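Notes for the one structure printed next.
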Amino acid sequence: MTEQGYTFKAEIQQLLNILVHSLYTDREIFLRELISNAVDALNRLQFEMLTNRDVLDPDAELAIRVSVDEEAKTITISDSGIGMTGEELIANLGTIAQSGAAAFIRQLEGMDEAERPSLEMIGQFGVGFYSAFMVAEEVRVVSRSYRPDAASSEWVSDGSATFRVGPPGEPKEDRGTEVIVKLKEDAAEFASNWRMEQIIKKHSDFVAFPITIGDRVVNRQKPLWRQPPQEVEDKEYADFYHHLTMDWEQPLLSTHMIADVPVDIRSILYVPSHRDRGLLNARPDYGLRLYARGVMIQQDNKDMLPNHFRFVEGVVESEDLPLNVSRETVQRNPAVRRIQKALVGKLIRELEDLAKEKEDEYARFWNEFGIFVKEGIATDPSTKDDLMPLLRFHSSKAADGDLISLSEYVERMPEGQGAIYYLLGENLDSISRSPHLDYFSAHDLEVLFLVDPVDGFMIASLAEYEDKPLRNVDDASLELPDDAREGEDADAAPPVPDEGFSALVARVVQVLGDKVTEVRESKVLRDSPCRLVSPEGGPGSDMQRVYKLLNREFETPKKILEINRGHPLIRNLAHLVDTTPDAPVIDLTVEQLFENQLLIEGVHPNPISMIGRIQALMEAATAQGRADSE
Ligand code: ADP
Ligand code: MG
Numbered sequence: 027m028t029e030q031g032y033t034f035k036a037e038i039q040q041l042l043n044i045l046v047h048s049l050y051t052d053r054e055i056f057l058r059e060l061i062s063n064a065v066d067a068l069n070r071l072q073f074e075m076l077t078n079r080d081v082l083d084p085d086a087e088l089a090i091r092v093s094v095d096e097e098a099k100t101i102t103i104s105d106s107g108i109g110m111t112g113e114e115l116i117a118n119l120g121t122i123a124q125s126g127a128a129a130f131i132r133q134l135e136g137m138d139e140a141e142r143p144s145l146e147m148i149g150q151f152g153v154g155f156y157s158a159f160m161v162a163e164e165v166r167v168v169s170r171s172y173r174p175d176a177a178s179s180e181w182v183s184d185g186s187a188t189f190r191v192g193p194p195g196e197p198k199e200d201r202g203t204e205v206i207v208k209l210k211e212d213a214a215e216f217a218s219n220w221r222m223e224q225i226i227k228k229h230s231d232f233v234a235f236p237i238t239i240g241d242r243v244v245n246r247q248k249p250l251w252r253q254p255p256q257e258v259e260d261k262e263y264a265d266f267y268h269h270l271t272m273d274w275e276q277p278l279l280s281t282h283m284i285a286d287v288p289v290d291i292r293s294i295l296y297v298p299s300h301r302d303r304g305l306l307n308a309r310p311d312y313g314l315r316l317y318a319r320g321v322m323i324q325q326d327n328k329d330m331l332p333n334h335f336r337f338v339e340g341v342v343e344s345e346d347l348p349l350n351v352s353r354e355t356v357q358r359n360p361a362v363r364r365i366q367k368a369l370v371g372k373l374i375r376e377l378e379d380l381a382k383e384k385e386d387e388y389a390r391f392w393n394e395f396g397i398f399v400k401e402g403i404a405t406d407p408s409t410k411d412d413l414m415p416l417l418r419f420h421s422s423k424a425a426d427g428d429l430i431s432l433s434e435y436v437e438r439m440p441e442g443q444g445a446i447y448y449l450l451g452e453n454l455d456s457i458s459r460s461p462h463l464d465y466f467s468a469h470d471l472e473v474l475f476l477v478d479p480v481d482g483f484m485i486a487s488l489a490e491y492e493d494k495p496l497r498n499v500d501d502a503s504l505e506l507p508d509d510a511r512e513g514e515d516a517d518a519a520p521p522v523p524d525e526g527f528s529a530l531v532a533r534v535v536q537v538l539g540d541k542v543t544e545v546r547e548s549k550v551l552r553d554s555p556c557r558l559v560s561p562e563g564g565p566g567s568d569m570q571r572v573y574k575l576l577n578r579e580f581e582t583p584k585k586i587l588e589i590n591r592g593h594p595l596i597r598n599l600a601h602l603v604d605t606t607p608d609a610p611v612i613d614l615t616v617e618q619l620f621e622n623q624l625l626i627e628g629v630h631p632n633p634i635s636m637i638g639r640i641q642a643l644m645e646a647a648t649a650q651g652r653a654d655s656e
C-alpha cells in the first residue's frame, strides 16, 4: 500500500469545521472519546478471542496507555485492541456509520455558536473520534490489525477536508492502535501528565481495562457493580450512570444487586429522570450492558428485562452465562429467565419502596414511565401481578392531580362494596362531569378516572384486583343496590308520571331516530338529565376505545339513552310534550341533550356544529323571558 490522499465525507468536513473553529470550554472530553474507542477495540478483541486464538500477540496485556511529550506537545493514546487495517482506517475514519450523525451535524450547522449545545455527547453520534480536532493541529493514527497477516498502516489529518493513509514511517510491530495528538498552541495545557490523570479520573474512571500513565494505573479497575453496595457512595452511582448513558441529569433511581443464588448476578440498574432526554439524545438503541466473567458480551441486551422495562439503563454481569455465547444463544440460555426474574423482582421492590418513602419522586416516576407499566399489563398479562402494585390512578375522591393505588382504593372501600369502579374518559375535566358518576357521588362511592389512551387496553387485561372485579360505571348491566332516594328534598317536585313519561320517550325516539338503539328510564341518575350506555352484548366502552385507538375509521356503536324522570329539565320537557307538542323547543332540546352526552363521552364528531342549535334555544329562552316581562 502506498500513501494516498482521501477526502472526508461532506458531513465530517462540516463537523471538523465546527470543531476546529469553535472555542469550546469542554475540550477535555476528547480524551474520553479516544479512550472509549480504545475500550471498544479491547472489548471487540476480547470477544473475538472467546472463539479464535489465531490472533497477533494472543498473550499481550489488554490495556490502554496514555503518554505525554511536553516538549513536542503531543499526547499518545495506545491500546492493544482489535486494531485496523489500511482499508479499515479509510472506512472508519473518513465516513459516517451512524445514520443519526448526519442529522446531528446539520442541526449544529444551522445554529449560531452561542446557541449550540455542549458537545459533551458527541460520542453518542458515532463521531467521537473527531473531537480530537478540538485540541489538535494534527492527528496521526498508527494501527495494526489483530489478523496475523495484516501490515500496519497510518492515517494522518490536520482537520481540513482531507486525510492521508499509507504505510507508517516505521512499521508497528505489535497489535493495536496508537492515536498521536499534536496539540494546537492554545491547547498546550493538555501536555501534562497531571492534567491527563485528572481528566481520566473524571471521565474514564470506570473503564474496565487498566489505563496507565508512565508505570502507574490511574483508573479504578474493579467494576462498580462487583463492589459490595455498602461500600459504594451515591455519587459513584451517579457518576457511573453518566458514564454509561451520557445523560447528565441525575437518575431517578439506582439499585445495586448482588446475588449468588439461585443465579449469579452483579447488577446496577437505573431509572432515568426523563422518558425523553431531549433533542440531543441520540442513543440509537436501548438495553443493558451485559458482561460474563469480565468480558462485555453485549452492548444493548434486551433479554434481561421484559420489554416494558426498556427505559431502564444499567449493567448486568453473571458467571452463569456461558462465555462463548453468540448473541442468539444468550436469549435461549436458561439462566436468562432466572436473571430476569431476579432483576424484575428487585426493580419492583425498589419502586414500591420509593413510593412509600418518597411520594413526590414516585409521582415523577409515574408521570414519566407509568405508560410503560400500563403497556406491560396490557401486552403481557403474566406480569400483571408484579406490576399492579405500581399502578396509580386519578379518582373521584382524590384531589386534583393526586394519584392513588389500587390498594389505597380497596382500603377505603365501604363495607359491602363488591367491585372496584372506574370510568374512562378523554380528560379529567370532562370525566368529572360525567352523568355516570351521579349514583356513585350520591352514595359516596369512589370511582377511578382513566384518561390515558392506553387505559382501555390495560383495564381489559387487568380484570380484577384482590378478587374484586373492576367494573366500568357506564356499564348498563352493572347491578347497583337500589337507589331508594331516601332523605331526598321533600319539596322536590315528583318525577314525571308514567303516562307523560311514555309520551316523552316516544317523542325522543321519533326525534333521534336510529342515532340510539333504545330510549328508557334510568334507575341510577340523580343530578343529570340523561346518559348514554352501551347495549348489553356489544363491545363495552373499554374495548370501543381500544378499537378507536387502533383504527381511526372506527365508528362509535349506537347506544342506549337513559332518561332521569326526576330531573327538572325532563319534567319541563314532558310537560311541553303534553301541552304544546308543536313547540319547536322540544326537538331542539332533545337533540341538544343527546349531543351533550356525545360531548361528555368524548365521541362528538363535530362540536362546532352545535352552535346553530344552541343559538336557536337561546332565542327561544330569551323570547320566553321577554314575554314573561311584558
Ligand atoms: P464510534 O466509536 O461511535 O464508532 P468514533 O468516531 O469514535 O465513533 O470512531 C469511529 C470508528 O473508528 C470506530 O467505530 C472504530 O471502528 C474505529 N476506531 C476508532 N478508534 C479505534 C481504536 N483505537 N481501535 C480500533 N478502531 C478504532
Ligand atoms: Mg467512539
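Residues in the sequence shown are numbered consecutively from 27, following the numbering used here.
Cβ coordinates follow ideal geometry from the N, Cα and C atoms, glycine included.
Just so we're clear, the structure is a prediction, and the values are computed from it rather than from any experiment.
Can you tell me which of the three DSSP states residue i falls into?
i, result
"residue 420", "strand"
"residue 316", "strand"
"residue 327", "strand"
"residue 448", "strand"
"residue 181", "strand"
"residue 519", "coil"
"residue 95", "strand"
"residue 283", "strand"
"residue 121", "coil"
"residue 204", "strand"
"residue 537", "helix"
"residue 104", "strand"
"residue 512", "Low local confidence applies: a pLDDT of 48 at residue 512 is under 50, so the model's placement there is unreliable, and no value is given."
"residue 199", "coil"
"residue 170", "strand"
Using CA coordinates, which residue listed in the options is at the minimum distance from residue i?
i, options, result
"residue 66", "80, 104 and 33", "104"
"residue 199", "437, 82, 260 and 431", "82"
"residue 549", "135, 523, 502 and 226", "502"
"residue 228", "504, 55 and 149", "55"
"residue 241", "91, 465 and 646", "91"
"residue 175", "247, 111 and 87", "111"
"residue 88", "286, 392, 296 and 237", "237"
"residue 533", "494, 482 and 587", "587"
"residue 98", "209, 323, 113 and 144", "209"
"residue 559", "504, 531, 606 and 594", "504"
"residue 114", "403, 203, 521 and 595", "203"
"residue 298", "179, 337, 371 and 323", "337"
"residue 436", "149, 194 and 490", "490"
Within the same chain, show all residues whose beta-carbon is closer than 6 Å to that of residue i, passing over the 5 residues directly before and after it, in chain order.
i, result
"residue 400", "480 and 484"
"residue 60", "103 and 205"
"residue 207", "101, 158, 162 and 165"
"residue 526", "600 and 604"
"residue 234", "249"
"residue 225", "54 and 57"
"residue 135", "40"
"residue 410", "403"
With a CB to CB cut of under 7 Å and the five nearest residues on each side skipped, what residues in its chain are close to residue i?
i, result
"residue 94", "101, 217, 218, 219 and 222"
"residue 288", "364"
"residue 122", "35, 37, 38, 128, 152 and 153"
"residue 513", "Low local confidence applies: a pLDDT of 46 at residue 513 is under 50, so the model's placement there is unreliable, with the coordinate-based value given in what follows. Cβ neighbours of residue 513 beyond the five flanking positions: none."
"residue 623", "556, 557 and 558"
"residue 305", "Its pLDDT being 48, under 50, residue 305 is placed unreliably by the model, and nothing is read from it."
Between which residues of its own chain and residue i is the CB-CB distance below 8 Å, once the five residues before and five after are set aside?
i, result
"residue 327", "313, 314, 315, 316, 342 and 356"
"residue 617", "537, 538 and 639"
Report the partner residues of residue i according to the DSSP bridge assignment.
i, result
"residue 322", "317"
"residue 544", "586"
"residue 189", "32"
"residue 162", "209"
"residue 497", "447"
"residue 337", "BP columns for residue 337 are empty, so no partner."
"residue 558", "587"
"residue 475", "420 and 449"
"residue 296", "280 and 339"
"residue 243", "238"
"residue 74", "The partner list for residue 74 (beta bridge, DSSP) is empty, contrary to what the question assumes."
"residue 291", "285"
"residue 490", "495"
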